[in-house]
Every structure is written in structure tokens, then in C-alpha cells.
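Reading through the C-alpha cells given below for one structure.
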Amino acid sequence: MAEDLTPQVLSLLASSDGPVLTSGAFPNAPYVSIKSALDKLKSRDYIQAEQLDRLELVLTKEGQDIADHGSNGARVFEAVRASLEGLKLKDLPAAVGDANVAKFGSGDAFRQKWVKKDGDTLKASVDQIQDEIQQQLREIQATHKLDNPKVVADFKKRKYVVEQKTIAFKVTKGPNFSTEFVKEEADLTAEMLASGAWKTAQLKPYNFKAKGTPAAAGALHPLNKVRQEFREIFFEMGFEEMPTNRYVETGFWNFDALFVPQQHPARDLQDTFYISDPAKADPPREDPAPTAPGAQQTTLAADDQKPEKKPDYKQYWDDVRAVHETGKFGSIGYRYPWSADESLRLVLRTHTTAISTYMLHKLAQNPRPARYFSIDRVFRNESVDQTHLAEFHQVEGVIADWGLTLGGLIGFMEVFFGKMGIKNLRFKPAYNPYTEPSMEIFSYHEGLKKWVEIGNSGMFRPEMLEPMGLPKDMRIYGWGLSLERPTMIKYGVNNIRELLGHKVDLNFIKQNPAVRLDKD
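Residue numbers (full-length UniProt numbering): 1 to 520.
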């Protein structure tokens with residue numbers, strides 16, 4: 001139990017004409033005892049207290065050793081001087097009693113010209129020395145400071161001293177000051193009522209400003225808060241949310257339908273997680289995906305709906321094979337032997353564009369203007385470091401319509417990112433197997449003072465769209481970005497492992513407020 005310092009604080013103030021510093025009055029008292037006594041007296045206006053925070057220099061174990069016994073160079077000098085005929089180098093460690101002191105101290109002694117070398121023997125060059133390092137460390141030990149920034153920086157580098165934050169209080173008398181602290185009763189008991197003691201008892205007043213115990217409640221993860229902000233932006237712009245609950249995809253939907261060749265590096269084991277059991281899936285077939293939980297979907301009125309054709313998955317499979325292997329729909333293809341077994345291998349989806357492909361294939365049965373988006377997890381076989389995880393969240397948007405142009409995509413990106421507060425954009429030509437033209441999106445980061453990549457975009461290739469049965473004159477925009485990067489920027493997180501995974505601090509999740517993407 002912490003010591004009650006209340007009487008000592010009142011006694012010191014009574015005998016003092018001015019303020020009292022707790023650092024001088026209670027140098028060895030625990031902080032919790034001092035704070036408890038001051039809070040108790042301050043709440044009843046016995047005293048007024050001001051907290052004083054400052055950084056002090058404190059000796060490390062090595063610094064304390066030098067303050068007690070002298071610097072390494074001085075100890076070498078004393079050992080050499082004590083030997084009348086000089087001291088051989090091989091005998092120096094035994095003479096000073098420490099091999100490290102002998103190693104580093106001999107260099108210091110030579111630089112200070114305290115000793116000289118005569119063959120393999122060390123001899124003293126002067127009769128006496130002034131050990132400034134020891135004197136300066138003793139000054140720090142006594143006053144916790146040193147008025148020489150260059151020396152202090154050197155001592156920190158050598159790990160002789162460290163900076164330590166200290167908290168002290170300046171205490172003065174309050175309006176209700178008294179030398180005797182009257183204990184207040186916290187409860188009105190039956191005994192007090194029966195005996196009449198309540199009439200003279202000093203009752204403790206209610207503190208209506210006291211903070212209550214934090215409620216044990218759930219909290220939204222910062223990623224979910226930012227995710228909801230993105231969803232609101234998409235819904236505001238008339239988008240429909242795609243179902244994203246299928247983490248395992250076939251190579252067909254994840255790669256082949258996107259016109260990604262089977263020799264592409266992204267399909268290697270180094271970049272993709274493959275499923276070993278079962279070894280492969282069935283060819284594409286009718287498998288209506290359920291609606292995403294909480295999704296707000298927009299549909300055409302019943303009068304505007306055209307009868308939806310039944311998708312011919314066998315024809316789609318054959319057309320995708322043909323456009324890869326020999327070329328079709330005006331394309332010469334990739335000219336390689338396409339493997340059905342490779343296409344049916346199961347993978348953890350590497351991007352949510354696999355879902356976009358599935359939705360566009362369904363759209364081809366009743367072509368019409370459409371806007372889709374998705375925000376969910378994807379998986380990449382990458383080395384985990386400060387900015388990369390093996391799984392992360394991808395934000396993706398798709399717009400299908402007639403008469404779309406690259407200039408329209410640039411204009412839409414400026415509006416879309418502008419709703420997040422990102423105004424200054426640049427676009428750089430890029431290569432994607434399934435979009436042409438393609439553009440990387442850059443924004444100027446005021447904090448980093450440089451341009452950083454924030455997304456990728458492009459117009460889907462005919463080799464991807466026409467095998468689905470979409471009209472030749474229909475154009476489709478596609479773009480994507482990670483959810484983690486804007487979340488890290490908004491919440492000031494430098495290491496992605498502190499945002500997602502087993503190293504996340506639960507207090508970080510509970511205490512962070514909601515975030516607005518268009519606010520700093």
C-alpha cells in the first residue's frame with residue numbers, strides 16, 4: 001500500500017513562505033504516493049499544484065563505473081605510471097583488471113598523449129592528468145545536466161548517459177489550506193444514523209466530474225472504419241457492391257479469364273498461394289454468387305429489364321482457350337499451348353478482379369450500363385515486412401458503358417479521389433495483362449514531400465471482354481487500390497503489422513476515433 005504523504009505536504013507548506021517542489025521535498029518517494037496525496041488535497045482546495053515535466057540526464061551502468069573509477073584512458077595511464085619501468089602491452093589487461101578498459105583506454109591515452117610507446121612497452125608521458133570525462137560525468141550525477149551539448153551528444157553515443165523524463169510538482173497553499181487534514185466519510189452508515197454521529201461528521205462531496213469506469217464494449221477496427229467511408233463514396237456515386245465471400249478461386253477466373261498468360265510470373269508459387277486439396281476444380285458452370293452482406297444494390301426497373309440469357313459456360317471456356325492459344329476476336333493471342341489443368345488449379349485469390357470478371361460475364365447476358373465495386377481480402381505469397389503482408393484488402397471499382405474514353409477515366413479518378421481529400425493527381429502509363437491502356441495513379445504526399453503511387457487503373461482489353469459476349473462497342477473502366485495504405489496514413493501507422501495481424505494493440509483499436517477520408 002502506498003504511503004500517505006498528506007500530513008508531510010501540509011507540514012512543509014505551513015513552514016514555507018513560498019511554493020514547495022516535490023522533487024526536493026520527497027526525492028525518494030514513489031510517484032504514486034506523491035500524486036495520491038496531492039490529488040486528495042487539491043480536490044478539497046487545501047493546495048494548488050502545477051505539474052512540471054523535464055528531461056534529465058542519468059548515468060548508465062558504464063557511465064557510473066567511469067564516475068566511480070575514472071575513464072578508460074585515465075585508468076590505463078594510472079596503471080602505466082604505477083609501473084616504474086613501464087608496462088608491456090600484453091600485461092596491460094591484467095594491470096587494469098579489464099580487457100575492454102585496456103583495449104579502449106589505450107587508444108584514449110595515446111590520443112591524449114598521456115602515454116607513449118617504447119618498443120613493446122608503454123611509458124607515461126606526463127606526471128599527472130586531468131580526467132575531464134570523469135569530472136563531467138560526476139557533474140551529471142550530481143545535477144542531472146551538463147551545459148555542453150557537444151559533450152552530452154558524445155556521452156549519449158558512447159552510452160554513458162541517457163535522457164530520462166522526470167515529473168515534479170510545484171505546490172502552493174490553496175483557499176482552504178489548513179495544517180490538519182480532516183478525514184471525510186465516504187458513506188453514510190446505519191451506525192452513524194443511530195448514534196447521531198452524522199450531525200458532526202465531515203462527509204465527502206460527490207465528484208460529478210470524475211470519469212467512470214470504461215465500459216467493456218466492442219470497437220470497430222480502423223480498417224472497417226475506413227472501409228465504410230469508401231462504401232459510402234461508392235454508394236453516393238451510384239455503385240452496386242459485388243459479392244466477395246469466395247476467397248478460393250480457380251486459375252480460370254483469377255487469371256485466364258483476365259487474359260493473364262499461364263507463363264506470367266504472378267502465377268508462380270513465389271507469388272500465389274495454391275490449394276493442394278482438392279488438386280483442381282470443375283470447369284466454369286452456373287454458380288450464382290450470394291449477395292454480399294450489407295450490400296446496397298441498384299437494379300433496373302422491371303419494365304426496363306430484358307430477359308436474361310442463360311450463360312453458355314462451355315462456349316466461354318472454349319473462347320478463353322482460343323484467345324490465349326491461337327488468338328480470336330481480332331487478336332493474335334499469346335501463341336502458347338494453353339493447359340486446362342493449369343486453368344482449373346485452385347488458388348487463394350490474388351485480387352478481387354476475379355470477382356469483377358465473374359460479374360462482367362453475368363452482365364454480358366443482358367448488357368447495360370453498370371457500376372460495381374468491392375472491398376475485401378486478397379492473398380499474395382510475399383515476404384512480410386513493414387509495408388507488406390501476405391494478405392491485405394483491395395478496393396476495386398468497375399464501370400461499364402458505351403462511349404467511354406481514357407479522358408473520362410482520368411476525370412472520374414479525379415472526382416473519386418477528390419471525395420477522399422486527394423486533389424493533386426498524376427497518371428503514368430503502365431502495363432497490365434487485362435487492361436490497355438493502363439495507368440498508375442500518383443498523388444503528392446505533403447508529409448513525405450514526394451509523389452507516391454496510390455492506385456492502378458485502365459480500360460479492360462477486348463481479349464477479356466469479347467469472349468464473355470459483351471458488345472464490341474462497350475467499354476469498361478477498372479481501377480484498384482489497397483485499403484491498408486490510406487488507413488495507415490490517416491491513423492499515423494508506420495508498420496502495417498501494427499494494423500493487421502497478431503501484433504495489433506487492442507487499445508489502439510478501442511481508442512481510435514472514426515475517420516473522415518476528406519479530413520486530415
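Yeah, the Cβ is synthetic: ideal placement off N, Cα and C, and Gly gets one too. Computed from a predicted model, the values in this text were never measured in an experiment.
Run of the alpha helix (DSSP H) containing residue i, from where it starts to where it stops
i	result
residue 256	Careful: residue 256 lies outside any alpha helix (DSSP H) and carries neither H nor E.
residue 9	6 to 14
residue 223	222 to 236
residue 418	406 to 418
residue 358	353 to 363
residue 320	313 to 325
residue 150	149 to 157
Contacts around residue i, its chain only, beta-carbon distance under 6 angstroms, and the 5 residues preceding and following it disregarded
i	result
residue 102	92, 93, 96
residue 100	none
residue 202	182, 184
residue 377	391, 393
residue 440	428, 430, 453, 456
Span separating the alpha-carbon of residue i from that of residue j
i	j	result
residue 20	residue 502	48 angstroms
residue 488	residue 225	12 angstroms
residue 275	residue 379	12 angstroms
residue 355	residue 248	11 angstroms
residue 258	residue 213	54 angstroms
residue 70	residue 164	24 angstroms
residue 456	residue 264	18 angstroms
residue 361	residue 507	44 angstroms
residue 88	residue 116	12 angstroms
residue 476	residue 266	23 angstroms
residue 200	residue 193	11 angstroms
residue 197	residue 180	20 angstroms
residue 149	residue 57	12 angstroms
residue 232	residue 147	57 angstroms
residue 187	residue 496	51 angstroms
residue 400	residue 217	43 angstroms
residue 30	residue 52	16 angstroms
residue 80	residue 125	10 angstroms
residue 451	residue 236	28 angstroms
residue 67	residue 138	6 angstroms
residue 281	residue 366	27 angstroms
Anticipated Cβ contact below 8 angstroms, residue i with residue j, distance rounded
i	j	result
residue 238	residue 371	6 angstroms
residue 155	residue 161	5 angstroms
residue 109	residue 76	5 angstroms
residue 271	residue 381	5 angstroms
residue 494	residue 349	With a Cβ gap of about 28 angstroms, residue 494 and residue 349 do not count as contacting.
Beta-carbon proximity of residue i to residue j, cut-off 8 angstroms
i	j	result
residue 393	residue 499	no
residue 345	residue 458	no
residue 47	residue 55	no
residue 471	residue 331	no
residue 244	residue 352	yes
residue 443	residue 454	yes
residue 341	residue 467	no
residue 422	residue 395	no
residue 5	residue 23	no
residue 38	residue 227	no
residue 59	residue 141	yes
residue 12	residue 177	no
residue 74	residue 134	yes
residue 256	residue 383	no
residue 9	residue 152	no
residue 397	residue 417	no
residue 509	residue 221	yes
residue 425	residue 414	yes
Span of the beta strand (DSSP E) around residue i
i	result
residue 163	161 to 173
residue 437	435 to 445
residue 81	Careful: residue 81 lies outside any beta strand (DSSP E), inside the alpha helix (DSSP H) at 72 to 82.
residue 124	121 to 124
residue 35	It is not in any beta strand (DSSP E) - residue 35 instead sits in the alpha helix (DSSP H) that spans 31 to 43.
residue 459	450 to 460
residue 49	47 to 59
residue 105	Run containing residue 105: none in the beta strand (DSSP E); it sits in the alpha helix (DSSP H), 99 to 111.
residue 96	Premise fails: residue 96 lies in the alpha helix (DSSP H), 92 to 96, not in any beta strand (DSSP E).
residue 511	It is not in any beta strand (DSSP E) - residue 511 instead sits in the alpha helix (DSSP H) that spans 506 to 511.
residue 395	391 to 402
residue 429	425 to 432
residue 348	346 to 348
Own chain partners of residue i with C-beta closer than 8 angstroms, once the 5 adjacent residues on each side are dropped
i	result
residue 317	252, 283, 284
Sequence-distant residues of its chain with Cβ nearer than 7 angstroms to residue i (five each side left out)
i	result
residue 333	323, 324, 325, 326, 327
residue 159	60, 62
residue 127	none
residue 481	395, 454, 455
residue 131	70, 71, 74
residue 473	402
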